[in-house]
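**Student:** Dropping a structure here in structure tokens format, bear with me for questions.
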Amino acid sequence: MRYTIGLATTFHDPAIAIIGPDGAVLFAEATERYLQYKRAPNCEPDSAPRMEALLKRYIPKDAEVAIATSWGEDFTGFLDQMARAGSFTLDALLRLSPELNRSLVPERTERALIASLHLGQQRAGMGVLLGLDRAYGKANVTGLKRYGHHLSHAAYACWSSPFENAACLVVDGMGETGASAIFALENGRLREVKRHRGRESIGFYFGLVTDLAGFDQAKGEEWKIMGLAPYGKADPELMALLRRLYTIEGHKLSFAKADVVQAVAAEILAKRPADALDRGWADLARCGQDVFAEMMEALLAEAAALVPSENLVLAGGCALNSSFNGRIAGRHGFKTVFVPSAPADDGNAIGAAWLAHAEANPDWRAPKGPLSPYLGSTVSTEPFERMQAWEKRLRRLAPEEIAPVTAKLLTEGKLIGWVQGRAEFGPRALGNRSIIADPRPADAKDILNAKVKYREAFRPFAPSILAEQAADWFENYQDAPYMERTLTWKEAVRHRVPAVVHEDATGRLQSVTAERNPRYHALISAFHALTGVPVILNTSFNIMGKPILHTAEDAILMFYTSGLDALVVEDWLLVK
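Residue numbers for the sequence shown follow the UniProt record's numbering, so the first one is 1 and each next one is one higher.
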């Protein structure tokens, strides 16, 4: 039997995936959850102490183990040459300019990121090897396979989709030769159609807008641009400045030279309001999002021309732009759009593992998706068993009581931490690591921010909705299993759920079915029965700046140190 371990080894969002002999995903999780370190920059995905427990759980003692990662052999070889030439030393970095270059990031920063990427490739697989030695006293490792970065994105996204045939567009910050690529999915097989070349990228563009608007792309704050954009106006001067950064000729997207990039950034900074660092700059967020959409439209048109299809698969970090994703269906000939639960670099752990499995098993085909996102760790309830002796507000419910009891608490205005089953793979809480609330009170968002989340008021909270009811609540409804797109609420229902209706009348919805998540579906159904509203407010179970929780102890700590009113972990209920 051969198992495959996939590693996402970029300088941010490392992750690990374990694939069984039949190609099934046994486990997948971003490293930030285990470390409780947001985005886990420059951390290896496979630290030996963690791997020992994972390997014992998922891989038998005598199994063969293949390791795969998501940057290609030619590229990593090139990085090795750069390292031997001294390009990644501190002295070499100090000689580079801190000014923006054509890639839309400072030249020194870009080289430092590549140096960090190189270090990640050097140590890839070491933790697996040591973990196997710790677990079993031996390591039946067949070797390390490296696959192209964008190919790994495409493999994960396409093979986890419900499609046999589709156009696939990958757009992110950087790849081996450029920041985007187009693939064709044909009868379940992948074919590269076009790889873009050049250092500049739409991902780096959006990062630049993030910084100019008063946020920090290094902290992964690009999502704040999406949340703030509806509060801004389309300023003609800002739009003109941003459009100087690029040109579109036919389907070709080109970026300006370094001197133009620097001049544009300087002019925008000169216009930035004094309070932007505290409140963000709404007009720039709006214009930045609008220009992002213009660039993406050019790439979509190119993908449609090269791979005509009714189905589109979108992957890469830019596929996390849910505001744009909801606008794609019905354009460029694409009737159906699929975005996986982890489209950014963490998803490449599965992509690389699947590529290695497919290479070793040429007749293998991925099972028809969409793939369940519930692929991560479970939490132990042992802490609650110990707490029973002294915490009188803690009780264990019968499984059939969980949904109705929790739904009743929601109708009473309680803010509830909800932890069930396996953790979600990807950045969204999808009903297994969530904070939930009643979406009907107009002030529910403000209360949740003040008591628990402590985040900016402009950032929206998401609705989880019963899929069978969703067409009655959203215009041009599309199935959204991973909370990966925003759609517009129907005008007649907006007043019923004001806490999850954003400034532009949209909601980043999660379509919930009994098949995908039985207990979460039962909870929303119970709330629907009590209120007539098939929607609950769902946000990730964390506080601002921290990853989603990883253990029961994390949940208990947040319960006692925040304004949460109740905590439901598996069958255990704790109330204040």
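Where a beta carbon is used, it is the ideal one built from N, C-alpha and C, also for glycine.
#1: Going by the DSSP bridge assignment, what does N311 pair with across the sheet?
#2: Cα separation between E553 and V128?
#3: Given that a residue counts as buried once 16 or more other Cβ atoms are within 10 Å of its Cβ, and exposed if not, what is L530?
#4: Starting from T411, trace the alpha helix (DSSP H) both ways and give me its first and last residue.
#5: Given this structure, state the Cα-to-Cα distance separating S87 from D22, to the nearest angstrom.
#6: Taking the alpha carbon of I536 as the point to measure from, which residue in S525, R191 and A234 has its own alpha carbon closest?
#7: Enumerate in chain order the residues of its own chain whose CB-to-CB distance from L397 is below 7 Å, with the five nearest sequence positions on each side excluded.
#8: Just how far apart, CA to CA, sit residue 582 and I18?
#9: Taking the continuous beta strand (DSSP E) assigned at W572, which residues delimit it?
#10: How about G214 and L269: do their beta carbons lie closer than 8 Å?
#11: For A258 and N101, which I take to be in contact (beta-carbon distance under 8 Å), what is that distance rounded to the nearest angstrom?
#12: Spatial neighbours of F11 within its chain, please: CB distance less than 7 Å, with the 5 preceding and 5 following residues excluded, ordered by chain position.
#13: For a test of the three-state rule: what should DSSP assign to L375, helix, strand or coil?
#14: For G507, count the other beta carbons within 10 Å of its own beta carbon; 16 or more makes it buried, fewer makes it exposed. Which is it?
#15: By alpha-carbon positions, which one of P427, A467, Q122 and Y147 ends up nearest to P343?
#16: State the start and end residues of the unbroken alpha helix (DSSP H) segment that holds I202.
#17: Kindly identify the DSSP beta-bridge partner or partners of K194.
#18: Please classify E73 as buried or exposed, where buried requires at least 16 neighbouring CB atoms within 10 angstroms.
#19: For E200, which option in L241, E176 and V568 has the closest C-alpha, if you only look at C-alpha atoms?
#20: Do the stretch 302-317 and the stretch 380-399 make contact, defined as three or more Cβ pairs closer than 8 Å?
#21: Counting C-beta neighbours from all protein chains within 10 Å, is the total for Y560 16 or more, i.e. buried, or is it exposed?
#22: How far does the beta strand (DSSP E) with K145 in it reach, from first residue to last?
#23: Would F541 and I435 be called neighbours here (beta carbons separated by less than 8 Å)?
#24: What does a CB cutoff of less than 6 Å around T378 pick up in its chain, not counting 5 residues either side in sequence?
#25: Would you check if there are 3 or more beta carbon pairs closer than 8 Å linking the stretch 42-59 to the stretch 148-161?
#26: Grouping DSSP H, G and I as helix and E and B as strand, with all else coil, what is T381?
#27: Using DSSP with H/G/I as helix, E/B as strand and the rest coil, what is I465?
#28: Tell me whether R393 is buried or exposed, calling it buried when 16 or more other Cβ atoms sit within 10 Å of its Cβ.
#29: What is the C-beta distance between E52 and G376, in whole angstroms, given that I count them as a contact (C-beta under 8 Å)?
#30: If you compare alpha carbons, which of A68, F324, L371 and G280 is closest to R455?
#31: Please go through the stretch 46-90 and give each complete alpha helix (DSSP H) segment of 4 or more residues, from N-terminal end onward.
#32: Please tell me whether T4 and A15 are closer than 8 Å, where the distance is taken between their beta carbons.
#33: Can you grab the Cα-Cα spacing for the pair A229 / E237, in whole Å?
#34: On the criterion of 16 or more Cβ atoms from any shown chain inside 10 Å, does H550 qualify as buried, or is it exposed?
#35: Quick one: Cα of F183 to Cα of L241, how far?
#36: Round the Cβ separation of A356 and A66 to the nearest angstrom and send it over; I've been treating them as touching at under 8 Å.
**Tutor:** Judging by the given coordinates:
#1: In the sequence shown, residue 311 corresponds to position 311, counting from 1. Paired residue(s): T336.
#2: Here residue 553 refers to the residue found at position 553 when the sequence shown is read from its first residue. Here residue 128 refers to the residue found at position 128 when the sequence shown is read from its first residue. So the alpha carbons of these two residues sit roughly 27 Å apart.
#3: Within the sequence shown, the letter at position 530 stands for residue 530. Under this definition L530 is an exposed residue.
#4: Your numbering for residue 411 matches position 411 in the sequence shown. I402 to T411 is the span of the alpha helix (DSSP H), which, as asked, contains T411.
#5: On the sequence shown, position 87 is the one that residue 87 refers to. On the sequence shown, position 22 is the one that residue 22 refers to. Answer to the nearest angstrom: the Cα atoms are 42 Å apart.
#6: The sequence position of residue 536 within the sequence shown is 536, counting from 1. Cα-wise, what sits closest to I536 is S525.
#7: Against the sequence shown, residue 397 aligns to sequence position 397. V405, D571 and L573, listed in sequence order.
#8: What is shown of the chain runs 1 to 576, which leaves residue 582 out entirely.
#9: Here residue 572 refers to the residue found at position 572 when the sequence shown is read from its first residue. Segment W572 to V575, the beta strand (DSSP E) holding W572.
#10: Taking the sequence shown and counting its residues from 1, one reaches residue 214 at position 214. Taking the sequence shown and counting its residues from 1, one reaches residue 269 at position 269. Taking 8 Å as the Cβ cut-off, G214 and L269 do not qualify as a contacting pair.
#11: As a working mapping, residue 258 is identified with position 258 in the sequence shown. As a working mapping, residue 101 is identified with position 101 in the sequence shown. About 5 Å; that satisfies the 8 Å criterion.
#12: Sequence index remark: in the sequence shown, residue 11 carries index 11 (1-based). Excluding residues within five positions, the ones whose Cβ falls inside 7 Å are P41, N42, L113, S116, L117 and G120.
#13: Sequence index remark: in the sequence shown, residue 375 carries index 375 (1-based). The answer is coil: DSSP assigns L375 none of H, G, I, E or B.
#14: Sequence index remark: in the sequence shown, residue 507 carries index 507 (1-based). Label assigned to G507: buried.
#15: One-based indexing of the sequence shown puts residue 343 at position 343. The residue with the shortest Cα to Cα distance from P343 is P427.
#16: Counted from its first residue, the sequence shown places residue 202 at position 202. Here the alpha helix (DSSP H) through I202 covers I202 to L212.
#17: By one-based count along the sequence shown, residue 194 stands at place 194. I182.
#18: Indexing the sequence shown from 1 puts residue 73 at position 73. Looking at its Cβ environment, which holds fewer than 16 other Cβ atoms inside 10 Å, E73 is exposed.
#19: In the sequence shown, the residue the question calls residue 200 occupies position 200. Among L241, E176 and V568, the Cα nearest to that of E200 belongs to E176.
#20: no
#21: Residue 560 sits at position 560 when you count from the first residue of the sequence shown. Looking at its Cβ environment, which holds fewer than 16 other Cβ atoms inside 10 Å, Y560 is exposed.
#22: The residue you call residue 145 lines up with position 145 of the sequence shown. From DSSP, the beta strand (DSSP E) with K145 extends over V141 to R146.
#23: Translated into the one-based positions of the sequence shown, residue 541 becomes position 541. Translated into the one-based positions of the sequence shown, residue 435 becomes position 435. Yes, Cβ-Cβ distance for F541 and I435 is below 8 Å.
#24: Counting from one through the sequence shown, the residue named residue 378 turns up at place 378. Hits under 6 Å: R422.
#25: no
#26: Your numbering for residue 381 matches position 381 in the sequence shown. DSSP places T381 in coil when its eight states are reduced to three.
#27: The residue you call residue 465 lines up with position 465 of the sequence shown. Strand.
#28: Locating residue 393 in the sequence shown gives position 393, counting from the first residue. By the neighbour-count rule (16 or more Cβ atoms within 10 Å), R393 is not buried but exposed.
#29: Counting from 1 along the sequence shown, the entry for residue 52 is found at position 52. Counting from 1 along the sequence shown, the entry for residue 376 is found at position 376. About 18 Å separates the two Cβ atoms, so there is no contact after all.
#30: Translated into positions along the sequence shown, residue 455 becomes position 455. R455 has its Cα closest to that of G280, out of A68, F324, L371 and G280.
#31: 48-58 and 73-84
#32: Position 4 of the sequence shown, counted from the start, is the residue given in the question as residue 4. Position 15 of the sequence shown, counted from the start, is the residue given in the question as residue 15. In this structure, A15 does not lie closer than 8 Å to T4 by Cβ.
#33: Against the sequence shown, residue 229 aligns to sequence position 229. Against the sequence shown, residue 237 aligns to sequence position 237. Each residue's Cα considered, the two are about 16 Å apart.
#34: Here the question's residue 550 lines up with position 550 in the sequence shown. H550 is buried by the Cβ-count criterion.
#35: On the sequence shown, residue 183 is found 183 positions in, with the first residue counted as 1. On the sequence shown, residue 241 is found 241 positions in, with the first residue counted as 1. Whole-angstrom Cα-Cα distance: 32 Å.
#36: For this step, residue 356 is matched to residue 356 along the sequence shown. For this step, residue 66 is matched to residue 66 along the sequence shown. Correct: roughly 5 Å between the Cβ atoms.
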